[in-house]
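Each residue of the sequence shown is one higher than the one before, starting from 131 at the first, in my numbering. Inspection log for the structure reproduced underneath, given as structure tokens.
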Amino acid sequence: MLPQEESLKILGQFLREHECTRLNGISIDTVIELARTVLQKNVFVHDNKFYRQIVGGAMGSPFTLTLANIFMWYWEKQSILSNLPSR
Numbered sequence: 131m132l133p134q135e136e137s138l139k140i141l142g143q144f145l146r147e148h149e150c151t152r153l154n155g156i157s158i159d160t161v162i163e164l165a166r167t168v169l170q171k172n173v174f175v176h177d178n179k180f181y182r183q184i185v186g187g188a189m190g191s192p193f194t195l196t197l198a199n200i201f202m203w204y205w206e207k208q209s210i211l212s213n214l215p216s217r
């Protein structure tokens, strides 16, 4: 499961590191707020009861897949950098 707030911070870092100051005219801060809405306002029905998902993102959502890939980019980068010899 993706930790929601950590994933949003990593999304912002990814966009800034790749110099994406705007996506289709939308600021990074707005992209992050939209991503927060997608993650935190996800609801589903089980046994005729409504539930709000509080951990991770919706399975099968293209956005969740993209965010998971960005999350792994961060962790792989940290893992590789921490194992490089010092200069």
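Virtual Cβ for every residue (Gly too), placed ideally from N, Cα, C. Predicted model only: the values in this text are computed from it and were never measured.
- Of all alpha-carbon atoms in Asp159, Gly155, Val168 and Glu149, the one lying nearest the alpha-carbon of Thr196 is that of Val168.
- With contacts defined by Cβ atoms closer than 8 Å, Leu141 and Ile156 do not form a contacting pair.
- Between Leu145 and Ile158, the gap from beta carbon to beta carbon is short of 8 Å.
- When DSSP reads this structure, Ser157 sits in a beta bridge with Arg152.
- For Lys171, there is no enclosing alpha helix (DSSP H), as DSSP marks it with neither H nor E.
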